[in-house]
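Visitor: Residue numbers (the UniProt record's numbering): 1 to 328.
1. Look up residue 19 in the DSSP assignment and say whether it is helix, strand or coil.
2. Jot down the residue ranges of each uninterrupted beta strand (DSSP E) in the segment 19-62, minimum 3 residues, whole runs only, in chain order.
3. Taking the alpha carbon of residue 268 as the point to measure from, which residue in 204, 109, 305 has its own alpha carbon closest?
4. So who's on the other strand from residue 175, going by DSSP bridges?
5. Using the C-alpha atoms, what's the distance from residue 146 back to residue 329?
6. Would you mind stating whether residue 134 and residue 142 have Cβ atoms separated by less than 8 Å?
7. From this set, 79, 315, 122, 159, which residue's C-alpha is nearest residue 86's C-alpha?
8. Would you report the Cα separation of residue 93 and residue 278, rounded to the nearest angstrom?
9. What is the DSSP secondary structure of residue 225, reduced to helix, strand or coil?
10. Mind checking whether residue 128 and residue 137 have CB atoms under 8 Å apart?
11. Could you give the distance in angstroms between the alpha-carbon of residue 236 and the alpha-carbon of residue 55?
12. Suppose only complete runs of 3+ residues qualify. What are the beta strand (DSSP E) ranges in the UniProt domain "Pseudouridine synthase RsuA/RluA-like" (103-253), listed by chain order?
13. Where does the unbroken beta strand (DSSP E) through residue 315 begin, and where does it stop?
14. Thinking C-alpha only, which one of 102, 180, 232 is nearest residue 111?
15. In its own chain, which residues sit with a C-beta less than 7 Å from the C-beta of residue 140, not counting the 5 before and 5 after it?
16. DSSP state of residue 66, grouped into three classes?
17. Among all the DSSP beta bridges, which residues are the ones paired with residue 80?
18. Determine the direct distance from the alpha carbon of residue 256 to that of residue 186, and round the result to whole angstroms.
19. Could you tell me the alpha carbon to alpha carbon distance between residue 196 and residue 216, rounded to whole angstroms?
20. Using 8 Å for Cβ pairs, my map puts residue 303 next to residue 284. What's the rounded Cβ distance?
21. Can you name the start and end residues of the beta strand (DSSP E) that residue 97 belongs to?
22. Between residue 183 and residue 234, is the Cβ-Cβ spacing less than 8 Å?
23. Would you say the segment 94-101 touches the segment 39-50, given that touching needs at least three Cβ pairs under 8 Å?
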């Protein structure tokens with residue numbers, strides 16, 4: 001069995017809570033220099049960007065020294081650099097820590113904040129913020145929550161323990177409950193368990209239900225609804241039995257009650273401008289329960305947030321939502 005290469009520690013510190021980019025040169029290849037490979041690997045950035053990094057001495061080897069553009073290609077070599085960070089509009093809502101010990105941190109994430117750096121969301125992510133605010137550079141995410149979804153996310157303090165917590169999620173050993181606000185349909189019989197096959201293709205915004213063996217299971221329960229003559233909304237408890245991309249949103253749409261504020265289901269809407277935080281998706285990761293794989297402790301945590309369309313529908317519908325206030 002081929003052993004995985006030992007990865008040296010990063011010679012560069014984090015910047016704004018974000019790790020440097022690490023690149024390993026392939027063992028097999030016909031590139032003559034390190035620059036030649038990086039220009040090909042980072043083709044989307046353009047040769048000028050790569051040359052700029054070399055000229056500024058920002059590409060370094062395991063010893064922390066700058067790598068020259070004409071340095072010979074060495075199979076298996078590691079290099080690191082910090083990419084230029086995109087300009088980001090700050091998400092003006094706080095992260096609430098609901099549990100913290102020497103092993104994990106559980107936070108109540110606001111709408112619009114991505115969990116981990118990806119694409120155009122880098123420093124304005126829960127992970128980068130927490131690393132800065134809590135002073136824990138080694139903090140890592142055990143799972144992810146969609147950027148548009150609010151609620152509970154678990155982070156790990158020690159890198160060597162991260163795998164144990166990630167396994168909890170991959171093996172479905174964490175009980176998760178969500179809440180959603182969506183239209184009320186008196187003809188819809190609830191509770192019920194939705195089972196279907198959901199496929200999400202790379203580069204396609206929507207996930208699709210297709211024929212085949214079910215891979216997505218969600219229990220949908222009615223928590224309450226408005227009286228007749230009101231706004232026609234209901235509040236639902238959603239309990240996923242699996243973790244397919246957009247699973248809850250797809251299943252609610254299939255029931256004919258799509259979640260309020262969803263920009264993808266049932267139809268893809270025009271993107272909102274950066275910094276428009278007025279109509280958040282009305283989906284909340286309300287509860288997490290699990291047995292700690294390191295300490296054996298039983299954890300049960302709940303979000304203290306409320307969904308704006310339920311507590312103040314007129315404000316949400318008018319686009320005057322300005323973030324969670326006390327107890328929301």
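We treat Cβ as the ideally placed atom computed from N, Cα and C, and that holds for glycine.
Guide: In short:
1. Position 19 of the chain shown holds residue 19. Reduced to three states, the DSSP call for residue 19 is coil.
2. 21-24
3. Within the chain shown, numbered from 1, the residue matching residue 268 stands at position 268. The option with the nearest alpha carbon to residue 268 is 204.
4. Working through the chain shown from its first residue, we reach residue 175 at position 175. Per DSSP, 289.
5. Nothing in the structure corresponds to residue 329, since the chain is present only between 1 and 328.
6. The count along the chain shown starts at 1 and reaches residue 134 at position 134. The count along the chain shown starts at 1 and reaches residue 142 at position 142. It is not a contact, given that the beta carbons lie outside the stated cut-off.
7. Reading the chain shown from its first residue, position 86 is the one you call residue 86. It is 122 whose Cα lies nearest to the Cα of residue 86.
8. Walking along the chain shown from the start, residue 93 turns up at place 93. Walking along the chain shown from the start, residue 278 turns up at place 278. Straight-line Cα distance between these residues: approximately 12 Å.
9. In the chain shown, the residue the question calls residue 225 occupies position 225. If DSSP states are grouped into helix, strand and coil, residue 225 belongs with the strands.
10. On the chain shown, residue 128 is found 128 positions in, with the first residue counted as 1. On the chain shown, residue 137 is found 137 positions in, with the first residue counted as 1. Taking 8 Å as the Cβ cut-off, residue 128 and residue 137 do not qualify as a contacting pair.
11. The residue labelled residue 236 in the question sits at position 236 within the chain shown. The residue labelled residue 55 in the question sits at position 55 within the chain shown. Near 56 Å, if we compare the C-alpha coordinates of residue 55 and residue 236.
12. 104-109, 150-156, 175-183, 192-199, 208-210, 216-225, 233-240
13. Counting from one through the chain shown, the residue named residue 315 turns up at place 315. Residue 315 -> not in any beta strand (DSSP E); alpha helix (DSSP H) instead, spanning 313-317.
14. In the chain shown, residue 111 corresponds to position 111, counting from 1. Nearest of 102, 180, 232 to residue 111, Cα basis: 180.
15. The residue you call residue 140 lines up with position 140 of the chain shown. Closer than 7 Å at the Cβ level, and outside the excluded window around residue 140, lie 155, 156, 159, 162.
16. For the purposes of this step, residue 66 is taken as the residue at position 66 of the chain shown. Note: residue 66 maps to strand in three-state DSSP.
17. In the chain shown, counting from the first residue as 1, residue 80 sits at position 80. BP columns for residue 80 point to 22, 60.
18. Against the chain shown, residue 186 aligns to sequence position 186. Against the chain shown, residue 256 aligns to sequence position 256. Whole-angstrom Cα-Cα distance: 12 Å.
19. Locating residue 196 in the chain shown gives position 196, counting from the first residue. Locating residue 216 in the chain shown gives position 216, counting from the first residue. Going from the Cα of residue 196 to the Cα of residue 216 covers about 5 Å.
20. Within the chain shown, the letter at position 303 stands for residue 303. Within the chain shown, the letter at position 284 stands for residue 284. The pair is a contact, with the Cβ atoms about 6 Å apart (cut-off 8 Å).
21. By 1-based counting over the chain shown, the position of residue 97 is 97. Residues 96-100.
22. Position 183 of the chain shown, counting from 1, holds the residue named residue 183. Position 234 of the chain shown, counting from 1, holds the residue named residue 234. Going by C-beta atoms, residue 183 is nearer than 8 Å to residue 234.
23. no
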